[in-house]
Amino acid sequence: EAGVAQSPRYKIIEKRQSVAFWCNPISGHATLYWYQQILGQGPKLLIQFQNNGVVDDSQLPKDRFSAERLKGVDSTLKIQPAKLEDSAVYLCASSHPGNTIYFGEGSWLTVV
Amino acid sequence: DAKTTQPPSMDCAEGRAANLPCNHSTISGNEYVYWYRQIHSQGPQYIIHGLKNNETNEMASLIITEDRKSSTLILPHATLRDTAVYYCIVENTDKLIFGTGTRLQVFP
């Protein structure tokens, strides 16, 4: 079974530029998560989708971050404009509701 | 906020058992205890989870105290590849809220 796919793996941008990350969850998984992990810290939940609806986006900085899952499968996380403190690993995860959550390898963002 | 407390770091000799403790004194009756680990530059990897009973799989064993206020993850024969950050998480409403975990260093 294929795992959670993420791209790009690495991205370097200048501050105030925009960036987008893509996630393809495990086939059939209705729940999709985006986490942000700053170096030396545990992952922090940004947003949780159930199919194409948002379940929880209370920790998403909505002035610059947006996420969508239009067809209930793939998802995109966008940052615009980026700040230096957005440098982090962005992790996508998926699950069947109530079941084990599986993570992708992450997208590493460096803002300079 | 994370509902668990873990030591920041531990060492273990290769081939010995690694016992990683976790306190979760405010756990609710329907909340599971999950363990994940994260090897450098990779995403978190699921290890094991449990509700009340002890659990064992091919990777590890999970021992949960009777009052459910603490648990221990046991890696029976640690290898160098087990060097990672180990996260103990109390799962709540399909969300994983991570703390800072325990950095386990396995040495030869």
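Chains as they are written, first to last, in the working numbering: chain A, 1 to 112; chain B, 113 to 220.
Every residue gets a Cβ at the ideal spot worked out from N, C-alpha and C, and that includes glycine.
On a predicted model such as this, the values are computed, not experimentally measured, just so you know.
Min CB distance residue i to chain A below 8 Å
| i | result |
| --- | --- |
| Phe210 (chain B) | yes |
| Asp194 (chain B) | no |
| Tyr82 (chain B) | Since the first residue shown for chain B is 113 and the last is 220, residue 82 (chain B) is missing from the structure and cannot be characterised. |
| Gly141 (chain B) | no |
| Lys115 (chain B) | no |
Cβ of residue i within 8 Å of any chain B Cβ
| i | result |
| --- | --- |
| Asp36 (chain A) | According to the sequence displayed, residue 36 (chain A) carries Gln and not Asp. Not one chain B Cβ lies under 8 Å of Gln36 (chain A). |
| Pro97 (chain A) | yes |
| Phe103 (chain A) | yes |
| Leu32 (chain A) | no |
Residues that residue i bridges to, as DSSP identifies them
| i | result |
| --- | --- |
| Pro133 (chain B) | B:Thr184 |
| Met171 (chain B) | Answer is none; Met171 (chain B) lacks a bridge partner. |
| Phe21 (chain A) | A:Leu77 |
| Gln36 (chain A) | A:Lys44, A:Tyr90 |
Sequence-distant residues of the same chain with beta carbon closer than 7 Å to residue i, five excluded per side
| i | result |
| --- | --- |
| Thr116 (chain B) | Cys134, Asn135, His136, Cys200, Ile201, Val202, Gly211 |
| Tyr148 (chain B) | Pro156, Gln157, Tyr158, Ile159, Tyr199, Ile201 |
| Tyr90 (chain A) | Phe21, Trp34, Gln36, Leu77, Gly106, Ser107, Leu109 |
Other residues of its chain near residue i: CB distance less than 8 Å, five sequence neighbours each side excluded
| i | result |
| --- | --- |
| Met171 (chain B) | Ile159, Ile160, Leu187 |
| His152 (chain B) | Ala196 |
Span of the beta strand (DSSP E) around residue i
| i | result |
| --- | --- |
| Phe219 (chain B) | 214-219 |
| Gly162 (chain B) | 157-162 |
| Leu192 (chain B) | Note, Leu192 (chain B): premise wrong, no beta strand (DSSP E); not H, not E. |
| Val4 (chain A) | First-last for Val4 (chain A): undefined, no H or E at that position. |
| Phe149 (chain B) | Correcting the residue type first, residue 149 (chain B) is Arg in the shown sequence and not Phe. Here the beta strand (DSSP E) through Arg149 (chain B) covers 144-150. |
Sequence-distant residues of its chain with Cβ nearer than 6 Å to residue i (five each side left out)
| i | result |
| --- | --- |
| Ser18 (chain A) | Gln80 |
* If contact means a Cβ-Cβ distance below 9 Å, which residues of the stretch 39-52 of chain A contact chain B? -> Under the 9 Å Cβ criterion, the stretch 39-52 of chain A contributes Gly40, Gln41, Gly42, Pro43, Lys44, Leu45, Gln48, Gln50.
* Asked: What residues in the stretch 147-166 of chain B bring their beta carbon closer than 9 Å to a beta carbon of chain A?
  -> So the close ones are Tyr148, Gln150, Ser153, Gln154, Gly155, Pro156, Gln157, Tyr158, His161.
* For the stretch 165-187 of chain B, enumerate the residues whose C-beta is nearer than 9 Å to any C-beta of chain A, in chain order. => Within the stretch 165-187 of chain B, no residue has a Cβ that lies closer than 9 Å to any Cβ of chain A.
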